[in-house]
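A.B. asks: Numbering (the working numbering), first residue to last: 2 to 397.
Beta carbons are placed, not taken as given, at the ideal position from N, Cα and C, and that holds for glycine.
Quick one: the structure is below, and I'll ask about it shortly.
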């Protein structure tokens with residue numbers, strides 16, 4: 002297959018990172034949105050859940066569309082839809098319009114994830130491709146921190162609508178940058194089409210793939226349920242300012258980086274399946290400690306908050322140890338149809354992420370115990386799945 006000239010690393014990083022920033026940038030504003038739109042906290046939290054439904058469908062659709070119209074038109078089309086969704090978020094006067102706008106925004110943003118990975122796979126080969134993926138992954142580890150940090154200070158200074166206006170500006174700049182910098186990478190002459198339904202049947206018939214999908218969806222579900230619930234805990238209960246709350250995203254970023262480093266180091270001594278099991282165990286212990294700490298409301302607020310942050314860090318550290326290995330192993334038997342399989346697999350686990358984040362919004366009641374207990378139940382289930390069902394792949 003002909004390899005086209007790879008786009009710049011900077012362009013690839015920007016395109017793959019902006020969907021994650023869009024996921025979390027407005028989370029410090031959730032309490033303000035609830036007040037401004039006259040909606041319940043639970044309803045406002047659903048704006049995160051609906052994002053993942055739109056994102057899941059977008060990953061599948063844009064990946065499929067790009068095989069027909071090319072990578073460049075699909076990327077530009079997705080960015081245009083993303084910009085429209087961001088503009089509608091800015092003008093939303095009701096929670097229902099905001100939910101619909103977030104769906105449109107996420108559907109467009111998904112192109113940044115699926116098309117960027119496709120471009121790299123078909124335009125870069127060998128060690129250079131691995132290096133670019135590694136560099137992109139390292140940067141992405143920081144993006145969960147960037148979103149709340151920017152959003153917290155913008156909300157504190159100008160209000161929540163200004164946060165969505167930042168995304169409108171970002172969509173315009175991204176479209177212009179991509180229009181002038183991204184060339185087509187798809188080789189039409191060697192393109193082959195893969196039937197969707199036979200691949201989907203293979204996936205749902207593989208217990209191994211289904212288990213990995215549950216683990217990946219559960220881990221990401223916990224992460225984004227934290228983003229959904231944490232603003233109400235730290236801003237409303239502990240009376241943090243939105244700007245200061247934004248700095249808490251650093252906890253997620255540091256936990257992600259350290260967890261990935263530990264996972265990489267352990268690969269020299271342990272099988273990936275064992276590392277997944279270890280990560281799930283650490284995540285479960287962190288959730289248990291978080292639940293125990295949350296009971297101790299007699300502690301001074303500052304000490305209680307510090308203890309909660311420490312246990313959250315432990316929980317997210319375990320998640321970051323397990324997740325890379327789950328992603329690496331999930332589709333090892335689908336390399337012959339990896340593009341289509343990846344799209345279908347991503348659709349499934351992003352829908353699961355949406356389901357998990359919907360769960361925390363439905364359970365929201367203002368109590369400190371809700372989030373820890375919810376995370377503990379999910380963590381125990383995931384640890385049990387990892388222990389019982391993950392079977393080591395026999396060496397060839």
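Within 10 angstroms of the Cβ of residue 230, are there 16 or more other Cβ atoms? Answer buried if so, exposed if not.
C.D. replies: Buried: at least 16 other Cβ atoms inside 10 Å.
A.B. asks: Kindly indicate which residue of 60, 63, 157, 45 has the alpha-carbon position closest to the one of residue 102.
C.D. replies: It is 45 whose Cα lies nearest to the Cα of residue 102.
A.B. asks: Quick check: is any heavy atom of the ligand GTP less than 7 angstroms from the C-beta of residue 143?
C.D. replies: Looking for the ligand GTP in the displayed structure turns up nothing, as the structure carries no ligands at all.
A.B. asks: Counting along the chain, where does the alpha helix (DSSP H) carrying residue 262 start and finish?
C.D. replies: Residue 262 -> alpha helix (DSSP H) spans 250-267.
A.B. asks: Let me know the secondary structure DSSP gives residue 68 once reduced to three states.
C.D. replies: In this structure, residue 68 counts as helix in the three-state DSSP scheme.
A.B. asks: By the three-class DSSP mapping on this structure, what secondary structure does residue 332 have?
C.D. replies: Note: residue 332 maps to coil in three-state DSSP.
A.B. asks: Considering just the uninterrupted stretch of the alpha helix (DSSP H) at residue 274, what are its terminal residues?
C.D. replies: It spans 273-296 - the alpha helix (DSSP H) in which residue 274 sits, taken as one unbroken run.
A.B. asks: What are the boundary residues of the alpha helix (DSSP H) that residue 163 is part of?
C.D. replies: Its alpha helix (DSSP H) spans residues 161-182.
A.B. asks: Check residue 20 in the structure and name its three-state DSSP category.
C.D. replies: Residue 20 falls in the helix class under three-state DSSP.
A.B. asks: For the 8 angstroms Cβ check, are there 3 or more pairs between the stretch 79-88 and the stretch 24-31?
C.D. replies: No, the stretch 79-88 is not in contact with the stretch 24-31.
A.B. asks: Where do the ends of the alpha helix (DSSP H) carrying residue 209 lie?
C.D. replies: Start and end: 208-232.
A.B. asks: How far does the alpha helix (DSSP H) with residue 246 in it extend, from its first residue to its last?
C.D. replies: 243-247 is the extent of the alpha helix (DSSP H) around residue 246.
A.B. asks: Are residue 217 and residue 324 close, meaning C-beta to C-beta below 8 angstroms?
C.D. replies: Yes, these two residues count as a Cβ contact at 8 angstroms.
A.B. asks: Starting from the Cα of residue 295, find the closest Cα among 312, 286, 285, 277 and give me that residue.
C.D. replies: For the residues 312, 286, 285, 277, the minimum Cα distance to residue 295 belongs to 312.
A.B. asks: Go through the stretch 338-380 residue by residue and report every complete run of the alpha helix (DSSP H) that reaches 4 residues or more, in order.
C.D. replies: Segments of the alpha helix (DSSP H) lying fully in the stretch 338-380: 339-364.
A.B. asks: Alpha carbon to alpha carbon, what distance is there between residue 179 and residue 110?
C.D. replies: Rounded to the nearest angstrom, the two C-alpha atoms are 14 angstroms apart.
A.B. asks: What's the call for residue 16, buried or exposed, on a 16-neighbour Cβ count within 10 Å?
C.D. replies: It is buried - the Cβ of residue 16 has at least 16 other Cβ atoms within 10 Å.
A.B. asks: Quick check: the stretch 359-369 against the stretch 248-268, are at least 3 beta-carbon pairs closer than 8 angstroms?
C.D. replies: No: the two stretches stay apart, fewer than three of their Cβ pairs being nearer than 8 angstroms.
A.B. asks: Is there contact between the stretch 364-383 and the stretch 61-79, where contact requires at least three CB pairs shorter than 8 angstroms?
C.D. replies: They do not touch, by the three-pair rule.
A.B. asks: Could you check whether residue 24 and residue 161 sit closer than 8 angstroms to each other, using their CB atoms as the reference points?
C.D. replies: Going by C-beta atoms, residue 161 is not nearer than 8 angstroms to residue 24.
A.B. asks: With a threshold of 8 angstroms on Cβ separation, who are the neighbours of residue 12 within its own chain once the five nearest residues in sequence on each side are excluded?
C.D. replies: So the qualifying residues of the chain are 178, 179, 182, 183.
A.B. asks: For residue 201, which residues in the same chain have their Cβ closer than 7 angstroms to its Cβ, ignoring the five residues on either side in sequence?
C.D. replies: Correct list, in chain order: 345.
A.B. asks: Can you tell me where the alpha helix (DSSP H) with residue 185 in it begins and where it stops?
C.D. replies: No alpha helix (DSSP H) contains residue 185, which DSSP labels as neither H nor E.
A.B. asks: For residue 233, which option in 168, 247, 158 has the closest C-alpha, if you only look at C-alpha atoms?
C.D. replies: Closest option to residue 233, Cα to Cα, is 247.
A.B. asks: What would DSSP say about residue 318, mapped onto helix, strand or coil?
C.D. replies: Looking at residue 318 - three-state DSSP - the assignment turns out to be helix.
A.B. asks: Which two residues bound the contiguous alpha helix (DSSP H) that contains residue 32?
C.D. replies: Run containing residue 32: 31-37, per the alpha helix (DSSP H) assignment.
A.B. asks: Count the other C-beta atoms from every protein chain shown that fall within 10 angstroms of the C-beta of residue 363, then say buried if there are 16 or more, exposed otherwise.
C.D. replies: Exposed is the call here.
A.B. asks: Whole angstroms is fine: what's the gap from residue 210's alpha carbon to residue 146's?
C.D. replies: For residue 210 and residue 146, the distance between alpha carbons rounds to 30 angstroms.
A.B. asks: Any contact of the stretch 89-108 with the stretch 56-75, i.e. 3+ C-beta pairs under 8 angstroms?
C.D. replies: Because the criterion of three Cβ pairs below 8 angstroms is met, the stretch 89-108 and the stretch 56-75 touch.
A.B. asks: Please name the residue in 249, 280, 245 whose C-alpha comes closest to that of residue 262.
C.D. replies: Selected option, being the one with the closest Cα: 280.
A.B. asks: Closest by CA to residue 303, which one among 376, 283, 241, 328?
C.D. replies: For the residues 376, 283, 241, 328, the minimum Cα distance to residue 303 belongs to 241.
A.B. asks: Assuming residue 71 and residue 187 form a contact by the criterion Cβ under 8 angstroms, report the distance between their Cβ atoms to the nearest whole angstrom.
C.D. replies: Sure, about 5 angstroms apart at Cβ, within 8 angstroms.
A.B. asks: Tell me which residue opens and which closes the alpha helix (DSSP H) that residue 197 is part of.
C.D. replies: From DSSP, the alpha helix (DSSP H) with residue 197 extends over 197-205.
A.B. asks: Considering only their Cβ atoms, is the gap separating residue 316 from residue 376 smaller than 8 angstroms?
C.D. replies: Yes, these two residues count as a Cβ contact at 8 angstroms.
A.B. asks: Roughly how many angstroms separate the alpha carbons of residue 116 and residue 96, rounded to a whole number?
C.D. replies: Near 31 angstroms, if we compare the C-alpha coordinates of residue 96 and residue 116.
A.B. asks: Where does residue 385 land, buried or exposed, given buried means 16+ other C-beta within 10 angstroms?
C.D. replies: Exposed: under 16 other Cβ atoms inside 10 Å.
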